[in-house]
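Working notes, structure below.
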Amino acid sequence: MAEYRPGTPDQAAFLAELLDRRLLLQSGVPGVYGRGGAFEDVCGRVGDMVTRAGTPEQPEQLRFPPVLPRRDLETVGYLKSFPHLAGSIFAFAGDEGQAAEQYERACKHEDWSEFQAMTELVLTPAACYPVYPEIASRGTLAPGGVTVDAGSAYVFRNEPSGDPARMQMFHQREIVRIGEPETVVSWRELWRERASALLRGIGLDAQFALATDPFFGRAGRMLAASQREQELKFEVVVPIAGPEPTAVASFNYHQDHFTAAYGIEFANGAPVHTACLGFGVERITLALFRAHGLDSQAWPAEVRSRLWAA
Amino acid sequence: MNTEIRELIAAHARLAVDVDTLADDSSLYEAGMTSHATVNLMLALEGSFDIEFPDSMLKRSVFESVSTIAAALTELQQ
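Protein chains in written order, with our numbering: chain A, 1 to 310; chain B, 1001 to 1078.
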């Protein structure tokens, strides 16, 4: 089981306030919360704000469930980069006697994992993952490529924490650009500016930072160094709670990682690259409650008008 | 040493071209070596040469070419 990381005192205090106000609802497992109405309202408004900002590119709207075929997780090499974060779905496989034994152990809250077998599904770890096989299934890519708005999807990371901003199950609001390398790079640059303006517009102290993914182990340190040297990942960080500001959005240039895995190409054989941007919906919502107070009705008029616009 | 390095590159770097067509100082990245392939090569070098790259060497420039890899291995074997 992944090791629980306690929150800092101010993270623990902020979480206690959120639970006390029933903005977040305790589940009994760290990092997994229900959402109260006022919290969910803001989450929805944050998502809508991103949708409005992305309208100029007229992205294709696609939606996927929060589970992913296990084969796709395998194809993109997730288990090499992030074996520690993945969540795989297992289900009962056995006869009546084993079902009875499983039930008996479960009633006593003992280990019943031996009656479980791996299914074809895993929990989706990143909202853009289902997009690539879908695009690959359509055949060669038309010149100019495609922009996909994958919506606001639940994703899972196996990292129980006492920091309310480090949830195990949370929403990523993702948009994906698939196209010529230069097209993809300039799209990412465009969104860097756009995202920064969006977040500052709702009163958040948004700063840019060069970033790396939390790759696993020594191989991961190599991948992280490579990612940093090539400036493949940027984040927008905002103060929430804790000693460091928290990443609330990321801008990721994958080069040909996904297109090579799925064989996505142009008809003339020119290389196709991808980039995605992901907004952490709950983190932005938490940052808003932290910056403007726990009563969203009392937030500054300018912030409210930008979120509750139209 | 360079021959053994080249064999490991051929096996693990998944280059777009034959490694024998590259000079010792040619860029492996320009020849198509991805970040993930670099990790595979790094682990293969550690196994074959019985060394462990310190964190300070886990960066792209160390694995840039046959020459840079040979220089790093020589330093580690001293």
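By construction, the Cβ of each residue, glycine as well, lies at the ideal position given by its N, Cα and C atoms.
Keep in mind the model is a prediction, meaning the values are calculated, not measured.
Could you work out which residue in the options is closest to residue i when comparing CA atoms only?
i	options	result
Tyr262 of chain A	A:Ile135, A:Leu85, A:His171, A:Leu204	A:Ile135
Val1017 of chain B	B:Asn1002, B:Thr1003, B:Met1033, B:Glu1004	B:Met1033
Gly7 of chain A	A:Gln255, A:Ala241, A:Leu18, A:Arg221	A:Ala241
Asn1040 of chain B	A:Gly37, A:Leu277, A:Leu223, A:Gly94	A:Leu223
Leu85 of chain A	A:Pro125, A:Val46, A:Asp95	A:Pro125
Pro164 of chain A	A:Glu193, A:Glu3, A:Ala12	A:Ala12
Val29 of chain A	A:Glu3, A:Gly44, A:Cys276	A:Glu3
Val122 of chain A	A:Arg138, A:Thr140, A:Glu104, A:Arg157	A:Arg157
Thr1068 of chain B	B:Gln1078, B:Asp1020, B:Ser1026, B:Ala1013	B:Ser1026
Gly47 of chain A	A:Arg192, A:Leu25, A:Phe279	A:Phe279
Glu120 of chain A	A:Ser88, A:Pro133, A:Glu60	A:Ser88
Ala190 of chain A	A:Met49, A:Gln255, A:Cys276, A:Tyr78	Position check: residue 190 of chain A holds Leu in this sequence, whereas Ala was assumed. Cα-wise, what sits closest to Leu190 of chain A is A:Cys276.
Gly31 of chain A	A:Ser152, A:Asp149, A:Gly162	A:Gly162
Gly77 of chain A	A:Glu96, A:His254, A:Ala106	A:His254
His257 of chain A	A:Pro133, A:Pro300, A:Ala267	A:Pro133
Ile315 of chain A	A:Ala270, A:Glu229, A:Arg173, A:Ala267	No statement about residue 315 of chain A is possible, as the shown extent of chain A runs from 1 to 310 and does not include it.
Gly220 of chain A	B:Arg1014, B:Ala1031, B:Thr1038, B:Ala1013	B:Thr1038
Pro239 of chain A	A:Ile264, A:Leu288, A:Cys107	A:Leu288
His273 of chain A	A:Leu18, A:Ala298, A:Ile178, A:Ala247	A:Ile178
Pro160 of chain A	A:Ile202, A:Leu23, A:Ala153, A:Phe170	A:Phe170
Leu1076 of chain B	B:Ala1031, B:Glu1046, B:Leu1015	B:Glu1046
Arg1014 of chain B	B:Met1057, B:Ala1071, B:His1036	B:His1036
Thr246 of chain A	A:Leu286, A:Gln230, A:Arg52	A:Leu286
Ala267 of chain A	A:Ser81, A:Thr140, A:Arg105, A:Pro83	A:Thr140
Gly201 of chain A	A:Val303, A:Glu74, A:Arg45, A:Tyr33	A:Val303
Met1 of chain A	A:Glu60, A:Pro83, A:Arg188	A:Pro83
Ala249 of chain A	A:Glu235, A:Ala260, A:Thr259	A:Glu235
Arg5 of chain A	A:Ala91, A:Arg166, A:Gln61	A:Arg166
Using a 10 Å radius around the Cβ and a threshold of 16 neighbouring Cβ atoms, would you call residue i buried or exposed?
i	result
Asp20 of chain A	exposed
Glu110 of chain A	exposed
Phe251 of chain A	buried
Arg63 of chain A	exposed
Lys233 of chain A	buried
Leu210 of chain A	exposed
Gln168 of chain A	buried
Met1001 of chain B	exposed
Ser305 of chain A	exposed
Ala16 of chain A	exposed
Asp1055 of chain B	exposed
Pro130 of chain A	buried
Gly217 of chain A	exposed
Asp95 of chain A	exposed
Glu1052 of chain B	exposed
Asp1020 of chain B	exposed
Arg138 of chain A	exposed
Leu25 of chain A	exposed
Gln227 of chain A	buried
Thr1074 of chain B	exposed
Asp1050 of chain B	exposed
Ala93 of chain A	exposed
Ser27 of chain A	exposed
Gly107 of chain A	Contrary to the premise, residue 107 of chain A reads as Cys rather than Gly in this sequence. With fewer than 16 other Cβ atoms within 10 Å, it is exposed.
Phe1063 of chain B	buried
What are the partner residues of residue i, as DSSP defines its beta bridges?
i	result
Ile175 of chain A	A:Asp149, A:Leu277
Thr8 of chain A	Looking at the DSSP assignment, Thr8 of chain A forms no beta bridge with any residue, so it has no partner.
Tyr154 of chain A	A:His171
Ala247 of chain A	A:Val237
Asn252 of chain A	A:Lys233, A:Cys276
Phe1063 of chain B	DSSP, once it has assigned bridges, lists no residue as partnering Phe1063 of chain B.
Ser161 of chain A	A:Arg5
Phe266 of chain A	A:Leu141
### Query
Are the segment 49-62 of chain A and the segment 1004-1017 of chain B in contact at 8 Å, needing three or more beta carbon pairs?
no
### Query
Curious, which full-length beta strand (DSSP E) runs of at least 3 residues does the segment 16-89 of chain A contain?
24-26, 33-35, 67-69
#### Entry: Three-pair Cβ contact test at 8 Å for the segment 142-156 of chain A versus the segment 112-120 of chain A
no
### Query
Between the segment 62-79 of chain A and the segment 197-214 of chain A, do three or more beta carbon pairs fall short of 8 Å?
no
### Query
Do the segment 36-53 of chain A and the segment 97-107 of chain A meet, that is, are 3 or more Cβ pairs less than 8 Å apart?
no
### Query
Is the segment 181-191 of chain A close to the segment 289-300 of chain A, with three or more CB pairs under 8 Å?
no
### Message
Can you confirm whether the segment 212-227 of chain A touches the segment 186-203 of chain A when touching is taken to mean that 3 or more C-beta pairs between the two stretches lie within less than 8 Å?
### Response
no
### Query
Which runs of the beta strand (DSSP E) spanning at least 3 residues fall entirely within the segment 84-148 of chain A, listed in chain order?
88-92, 116-123
### Task
Please go through the segment 183-231 of chain A and give each complete beta strand (DSSP E) segment of 3 or more residues, from N-terminal end onward.
207-210
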